[in-house]
Every structure is written in C-alpha cells, then in structure tokens.
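*Asks:* Please read through the structure below; I'll follow up with questions.
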Amino acid sequence: MRESGFAPLAGIRVIEMSHMIMGPSCGMFLAFLGADVVKIEPPGGDKTRAMTGMGGGFFPTFNRGKRSVALDLETGEGCRALDMLLSKADVFVENFRDESLARMDLSPGQLRERYPELIVASCKGFLHGPYENRTALDEVVQMMTGMAYMTGPTGMPLRIGSSANDIMAGLFGACAVMGALQYRDRDGCGRTVRIGLFENCLLLVAQHMVQFDINGTEAPPMPERAFSWPVYDIFETGDGKPLFLGAVTESQWDRLCEILGLETFRDDPRLQTRPQQIAARDWTIPLIREAIAGHESVPLIKALEEKGLPFAPIARPAEMYDDPHVRRPGGLLTSRLPEGGSFRAPGLPFEIDGAAANPQLADVPEIGADSAEILGELGMQPETIVRATGQRRK
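Mind the numbering: the sequence shown is residues 3 to 396 in the working numbering, read in order.
Take a look at the structure:
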C-alpha cells in the first residue's frame with residue numbers, strides 16, 4: 003500500500019509544553035497530520051522519558067514526529083525564548099495546573115492578550131465547574147464516571163487495560179484545535195480550548211446513562227450483563243486456543259449451527275427467533291461450547307471467516323507484531339529512538355484515497371535536539387541559546 007502524504011496541517015506551528023499522555027497525544031495527532039510540533043522540555047528532559055514498567059512506552063509512543071527544544075524557564079533567557087516561540091506559533095498545547103500557568107504568566111487569558119491569533123489548547127482533568135481544580139488521572143475519572151464500575155464485576159471496579167481516556171481526550175483536543183484553526187481562517191482570531199479528561203470519560207459511559215434516563219433501569223457491570231445476543235461468548239477450541247465468537251442475527255445463528263454440526267438447533271421449535279435463542283442460552287451455550295471443543299482452531303477460524311461470523315482469537319498486545327493484518331504495508335510505523343535502536347507502533351487508524359495516512363516523520367526526538375536550529379531561526383545568538391536552554395552547546 004502506498005503512503006498518502008496526507009498533511010493537511012502543513013505550515014502550522016504547534017508549541018507543546020506537556021507531559022505524560024493526554025497533552026503529548028494531542029501534539030502527536032497534530033504532528034501526524036502535518037503540523038510542525040515543537041515540544042518544550044526542561045533542561046533535564048520531560049520526566050515521562052524516565053518512566054519504567056508499564057509507563058516505559060508512554061514517551062516514545064506519544065512523542066513521535068515532534069522536534070524538541072529544551073528551555074530553562076527559571077532564567078530570563080528561557081522565558082524570552084518561549085515568548086519568541088509563541089509569538090510565531092499557531093497553537094500552544096499545555097497540560098499544567100491553572101495556577102501554575104498563571105504564576106508563569108502563561109494562563110490562557112494572558113496568552114490570548116499577548117498573542118491574539120494564538121489557539122491555546124489546555125488539556126485538563128475537568129472542564130470549568132465544581133471540580134475544575136481537582137487533580138485527575140485516567141484511573142481517577144474512570145472511577146468517578148462509572149467506567150470502572152461497568153468494567154469489573156460487582157464490588158470489584160476495574161480500570162480498562164489501556165490509557166484510553168488520556169488518548170481519546172488528546173484526540174478531542176486535536177479535533178478542537180483543527181476546528182479553531184478553521185474559525186481563525188474566517189475571523190483572524192485565536193481561541194481558548196479546554197479539554198476535560200473527566201468529560202471525555204463521561205461521554206464513553208453515556209450509553210449507560212441514557213439507558214437509565216430513558217427507562218429507569220441501570221445497566222449491570224459488563225461481566226454480569228443481560229445478553230442481547232444468542233451467542234456472545236469466549237470458548238476454547240480443541241487445541242486449547244481461546245476464541246471469542248458471536249452470533250447476533252438469525253442468519254448468523256443458522257451459519258454457526260451449520261459450521262458446528264448443530265443442525266438440530268435450526269429445526270428446534272424452541273429456537274426459531276432471536277428472543278427464543280437468547281432465552282435458551284442456559285442450555286444452548288454448553289452444547290455450543292462442547293461442539294467448539296471438538297474443532298481445531300485453524301480450520302474453525304477459516305470456516306468462521308468464510309461464513310462472515312464475528313470472531314476473534316484472544317490475543318495479547320505483544321502478539322500484534324505477528325498479526326498479518328497489523329503487518330500489512332502501512333500498518334506499523336518504525337520510529338528511531340534518540341539513544342539508538344527503533345520500535346514499531348501503529349500510525350493513524352484511517353486511509354486517504356486508499357493510502358495509509360502515515361506521517362513522513364515519526365522519530366522520537368532527543369532532549370533539546372532542535373534547540374539551536376529552532377531558536378537560531380528566531381535570531382537568538384549561540385551564547386544566549388546556551389543560557390536559555392540550560393544545556394551545553396553540542
């Protein structure tokens with residue numbers, strides 16, 4: 003598959019001063035769409051760089067395709083350098099506490115007064131309201147909104163297994179920035195955008211809220227949900243492979259019965275409609291489970307795919323590198339690490355005119371790697387750059 007060269011934000015300069023996931027993912031999405039994203043880091047680098055364990059993938063994943071400028075904002079030269087960068091920028095992405103920004107004279111109001119055309123994208127825990135000054139994390143808002151309640155069994159709330167809220171909130175930030183850029187093209191004015199992690203998670207549980215608002219019944223946690231489908235379960239094949247399998251329509255039910263040799267189900271008067279099939283799950287699912295246990299995984303998966311049934315082998319994230327669809331041309335981007343070596347990670351999940359919408363640059367920058375070039379373009383002298391960055395000249 004060819005690459006599309008899709009870069010609708012080419013020519014847009016983004017100054018990103020953020021850490022962890024929400025703000026950096028916003029910047030990454032803008033970079034992947036062609037914007038020149040300049041990440042501002044302290045002289046020692048974004049602390050997310052040093053995370054280990056499950057946090058070890060945070061920085062490289064969400065800072066691909068950016069350039070790095072190190073600034074010591076405790077010096078006058080560093081503050082002046084940031085001022086010069088913002089004066090030439092289109093967008094400023096940040097995820098600091100409101101009071102911290104105000105102390106640095108970087109609150110949205112102060113920024114908009116100094117740079118009327120600047121779009122300020124503030125990635126926060128909450129939108130304005132009673133909780134606006136609370137500290138939030140992905141897990142915090144999952145507990146607050148009912149997401150964790152819906153994910154684990156009763157009495158055992160469980161966060162979902164990725165930083166989905168942070169990533170999706172960053173995506174909403176990028177979406178809002180693009181909308182603000184469209185407005186600026188019309189009226190020449192910048193905008194102040196605030197993105198809420200809590201509100202993002204609230205949107206993700208909206209379907210359960212609406213169910214209650216309409217009919218007054220609360221949805222049980224997903225492990226205890228009332229099934230709306232005849233088959234929507236995890237089974238084990240004869241060679242011990244776990245497999246999710248669904249049959250959610252009458253035609254899918256018929257095709258599954260054919261594959262599994264359960265033709266008697268199709269003729270059983272108790273199983274002629276979907277409501278009947280759902281009501282009979284207590285005795286049909288054990289028989290389906292037994293039938294699946296008599297099939298090897300490879301031929302069964304081939305038959306399910308040919309018949310158009312929804313199914314999925316139960317995989318671990320690490321196994322995705324061996325998945326043939328993930329390995330298709332354009333399915334993974336290879337990014338170089340500043341310390342040497344490389345890694346593979348997904349790009350944007352869409353195609354343009356049949357081509358992968360992958361960025362031309364997806365490497366991870368070294369701390370301050372672009373300081374001299376970018377600050378030099380602003381007219382700063384080498385010795386001033388050294389003082390502004392707090393780093394020795396390379």
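Idealized CB from N, CA, C, for every residue including glycine.
Just checking my contact of ASP140 with SER165 at CB under 8 Å: how many whole Å lie between their CB atoms?
*Replies:* In the sequence shown, residue 140 corresponds to position 138, counting from 1. In the sequence shown, residue 165 corresponds to position 163, counting from 1. With a Cβ gap of about 5 Å, ASP140 and SER165 count as contacting.
*Asks:* Assign MET3 to buried or exposed, taking buried as 16 or more other Cβ atoms, counted over all protein chains shown, within 10 Å of its Cβ.
*Replies:* As a first step, residue 3 must be located in the sequence shown, where it is residue number 1. Bear in mind that a pLDDT of 39 at MET3, under 50, signals an unreliable position, so the number given afterwards is only what the model happens to contain. So MET3 ends up on the exposed side.
*Asks:* What residue does the beta strand (DSSP E) around VAL122 start on, and which one ends it?
*Replies:* Along the sequence shown, one-based indexing puts residue 122 at 120. Counting along the chain, the beta strand (DSSP E) containing VAL122 begins and ends at 121 to 126.
*Asks:* Give the single residue among ARG193, LEU75, PHE94 whose Cα lies nearest to the Cα of THR391.
*Replies:* The residue given as residue 391 occupies position 389 in the sequence shown. Looking at the Cα atoms, LEU75 is the closest of the given residues.
*Asks:* Quick check on DSSP: helix, strand or coil for LYS396?
*Replies:* Within the sequence shown, numbered from 1, the residue matching residue 396 stands at position 394. Low local confidence applies: a pLDDT of 44 at LYS396 is under 50, so the model's placement there is unreliable, with the coordinate-based value given in what follows. Coil.
*Asks:* Okay, do the stretch 117 to 136 and the stretch 178 to 192 touch, 3+ Cβ pairs below 8 Å being the bar?
*Replies:* Cβ pair count under 8 Å is three or more, so yes.
*Asks:* Rounded C-beta distance between ASN97 and CYS125? I'm assuming under 8 Å.
*Replies:* Indexing the sequence shown from 1 puts residue 97 at position 95. Indexing the sequence shown from 1 puts residue 125 at position 123. ASN97 to CYS125, Cβ: 4 Å. Contact.
*Asks:* Can you grab the Cα-Cα spacing for the pair GLN383 / GLY36, in whole Å?
*Replies:* Working through the sequence shown from its first residue, we reach residue 383 at position 381. Working through the sequence shown from its first residue, we reach residue 36 at position 34. Approximately 29 Å between the Cα atoms of the pair.
*Asks:* With three or more beta-carbon pairs closer than 8 Å as the criterion, would you say the stretch 36 to 45 touches the stretch 336 to 346?
*Replies:* Touching, no.
*Asks:* Could you give the distance in angstroms between the alpha-carbon of GLY131 and the alpha-carbon of ALA138?
*Replies:* Here residue 131 corresponds to residue number 129 of the sequence shown, with the count starting at 1. Here residue 138 corresponds to residue number 136 of the sequence shown, with the count starting at 1. Their backbone Cα atoms lie some 14 Å apart in a straight line.
*Asks:* Does the Cβ-Cβ distance between GLY370 and SER70 come in under 8 Å?
*Replies:* Translated into the one-based positions of the sequence shown, residue 370 becomes position 368. Translated into the one-based positions of the sequence shown, residue 70 becomes position 68. A contact, by the Cβ cut-off of 8 Å.
*Asks:* Pop quiz: ALA359 and PHE8 are said to be a contact at Cβ under 8 Å. What is the actual Cβ separation, rounded to whole angstroms?
*Replies:* Here residue 359 refers to the residue found at position 357 of the sequence shown. Here residue 8 refers to the residue found at position 6 of the sequence shown. Rounded, the Cβ-Cβ distance is 4 Å, consistent with contact.
*Asks:* Please classify ALA249 as buried or exposed, where buried requires at least 16 other C-beta atoms within 10 Å of its C-beta.
*Replies:* By one-based count along the sequence shown, residue 249 stands at place 247. It is buried - the Cβ of ALA249 has at least 16 other Cβ atoms within 10 Å.
*Asks:* When we look at the beta-carbon of TRP285 and count the other beta-carbons within 10 Å, is it buried (16 or more) or exposed?
*Replies:* Position 283 of the sequence shown, counted from the first residue, corresponds to residue 285. Exposed, since its Cβ has fewer than 16 Cβ neighbours within 10 Å.
*Asks:* Measuring alpha carbon to alpha carbon, tell me which residue in VAL95, GLU260, PRO367 is nearest CYS177.
*Replies:* By one-based count along the sequence shown, residue 177 stands at place 175. That would be VAL95, whose Cα lies nearest to the Cα of CYS177.
*Asks:* Could you give the distance in angstroms between the alpha-carbon of VAL366 and the alpha-carbon of ASN135?
*Replies:* Taking the first residue of the sequence shown as 1, we reach residue 366 at position 364. Taking the first residue of the sequence shown as 1, we reach residue 135 at position 133. Approximately 32 Å between the Cα atoms of the pair.
*Asks:* Would you report the Cα separation of MET30 and LEU334, rounded to the nearest angstrom?
*Replies:* Residue numbering aside, residue 30 sits at position 28 when the sequence shown is read from its first letter. Residue numbering aside, residue 334 sits at position 332 when the sequence shown is read from its first letter. Their backbone Cα atoms lie some 15 Å apart in a straight line.
*Asks:* Between ARG395 and LEU84, what straight-line distance do the alpha-carbon atoms span, to the nearest angstrom?
*Replies:* In the sequence shown, counting from the first residue as 1, residue 395 sits at position 393. In the sequence shown, counting from the first residue as 1, residue 84 sits at position 82. Bear in mind that a pLDDT of 47 at ARG395, under 50, signals an unreliable position, so the number given afterwards is only what the model happens to contain. So the two alpha carbons sit approximately 18 Å from each other.
*Asks:* Could you have a look at SER20 and say whether DSSP puts it in helix, strand or coil?
*Replies:* Residue mapping note: residue 20 aligns to position 18 of the sequence shown, counting from 1. It is coil, neither helix nor strand.
*Asks:* Give the single residue among ASP269, LEU273, ILE216, THR239 whose Cα lies nearest to the Cα of TRP231.
*Replies:* Here residue 231 is taken as the residue at index 229 of the sequence shown, counted from 1. When each option's Cα is compared against that of TRP231, the closest is LEU273.
*Asks:* Quick one: grab the DSSP three-state call for LYS309.
*Replies:* Sequence index remark: in the sequence shown, residue 309 carries index 307 (1-based). In this structure, LYS309 counts as coil in the three-state DSSP scheme.
*Asks:* Cα-Cα, which of GLN362, ILE387, LEU363 is closest to ALA374?
*Replies:* As a first step, residue 374 must be located in the sequence shown, where it is residue number 372. Here the closest residue by C-alpha is ILE387.
*Asks:* Can you name the residues that DSSP bridges to ARG15?
*Replies:* The residue given as residue 15 occupies position 13 in the sequence shown. Per DSSP, ASP38.
*Asks:* Quick one: which unbroken beta strand (DSSP E) runs of 3-plus residues sit fully inside the stretch 143 to 206? Chain order, please.
*Replies:* Whole beta strand (DSSP E) segments, 3+ residues: 194 to 198.
*Asks:* Could you pull out every residue in the same chain whose Cβ sits closer than 6 Å to the Cβ of GLU18, ignoring the five residues on either side in sequence?
*Replies:* To locate residue 18, count along the sequence shown from 1; it is residue 16. Result list for GLU18: GLY29, VAL39, LYS41, VAL95, in chain order.
*Asks:* Could you tell me whether any Cβ in chain C is nearer than 8 Å to the Cβ of LEU377?
*Replies:* In the displayed structure, chain C is absent; only one protein chain is listed.
*Asks:* Could you check the C-alpha separation between ARG105 and ARG114 for me, to the nearest Å?
*Replies:* Position 103 of the sequence shown, counted from the start, is the residue given in the question as residue 105. Position 112 of the sequence shown, counted from the start, is the residue given in the question as residue 114. Whole-angstrom Cα-Cα distance: 16 Å.
*Asks:* Does DSSP classify GLY248 as helix, strand or coil?
*Replies:* As a working note, residue 248 is residue 246 in the sequence shown. GLY248: strand per DSSP, three-state reduction.
*Asks:* Starting from LYS366, follow its DSSP beta bridges and name the residues at the other end.
*Replies:* For the purposes of this step, residue 366 is taken as the residue at position 364 of the sequence shown. Inspection of the sequence shows that residue 366 is occupied by Val rather than by Lys. DSSP, once it has assigned bridges, lists no residue as partnering VAL366.
*Asks:* Does the stretch 317 to 332 come into contact with the stretch 294 to 308, if we say contact requires no fewer than three beta-carbon pairs (one atom in each stretch) closer than 8 Å?
*Replies:* No, the stretch 317 to 332 is not in contact with the stretch 294 to 308.
*Asks:* Rounded to whole angstroms, what's the CA-CA distance from LYS49 to GLN254? Just pull it up for me.
*Replies:* Here residue 49 refers to the residue found at position 47 when the sequence shown is read from its first residue. Here residue 254 refers to the residue found at position 252 when the sequence shown is read from its first residue. Distance between the alpha carbons of LYS49 and GLN254 is about 51 Å.
*Asks:* At which residues does the beta strand (DSSP E) containing ARG291 begin and terminate?
*Replies:* Here the question's residue 291 lines up with position 289 in the sequence shown. Element bounds for ARG291: not the beta strand (DSSP E) but the alpha helix (DSSP H), 283 to 294.
*Asks:* Cα-Cα, which of GLU226, GLY242, THR54, ALA72 is closest to GLU292?
*Replies:* In the sequence shown, residue 292 corresponds to position 290, counting from 1. Looking at the Cα atoms, GLY242 is the closest of the given residues.
*Asks:* Is it buried or exposed, LYS90, if we count other Cβ atoms within 10 angstroms and call 16 or more buried?
*Replies:* The sequence position of residue 90 within the sequence shown is 88, counting from 1. LYS90 is exposed by the Cβ-count criterion.
*Asks:* Answer with buried or exposed for ALA182, where buried requires no fewer than 16 other C-beta atoms within 10 angstroms of its C-beta.
*Replies:* Working through the sequence shown from its first residue, we reach residue 182 at position 180. Buried, because 16 or more other Cβ atoms sit within 10 Å of the Cβ of ALA182.
*Asks:* Is the beta carbon of MET152 closer than 8 Å to that of MET224?
*Replies:* The residue you call residue 224 lines up with position 222 of the sequence shown. The residue you call residue 152 lines up with position 150 of the sequence shown. Going by C-beta atoms, MET224 is nearer than 8 Å to MET152.
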